[in-house]
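Encoded as structure tokens, the structure appears first; notes follow it.
Residue numbers (the numbering used here): 4 to 88.
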């Protein structure tokens, strides 16, 4: 009745990007793999789910655009990811 779920944690964008490569491979084999991201700074906590490197790239483009519009010159956020296989 219940399915065994394998969960791992990563920290930082480099680890998340590397983990997404594994998530993509698992998805090609039919697994519903994903990474649940928590990106937080002093003002905001944002939670998103990513299933591919392409989704990560789209997120980066959107975030960079917002930073430019706000006049931010650096990203002070902390990011962690929960890999669900």
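The C-beta atom is built at its ideal place from N, Cα and C for all residues, glycine as well.
Indicate the three-state DSSP secondary structure (helix, strand or coil) for residue i in the structure shown.
i          : result
residue 47 : coil
residue 64 : helix
residue 32 : coil
Do you know whose CA, among the options, lies nearest residue i's CA?
i          : options       : result
residue 57 : 37, 47 and 69 : 37
Classify residue i as buried or exposed, calling it buried when 16 or more other Cβ atoms lie within 10 Å of its own Cβ.
i          : result
residue 84 : buried
Using a threshold of 7 Å, state whether the C-beta atoms of residue i and residue j are closer than that.
i          : j          : result
residue 49 : residue 23 : no
residue 29 : residue 88 : yes
residue 27 : residue 55 : yes
residue 42 : residue 13 : no
Just curious, the beta strand (DSSP E) that residue i is in, first and last residue?
i          : result
residue 84 : 81-87
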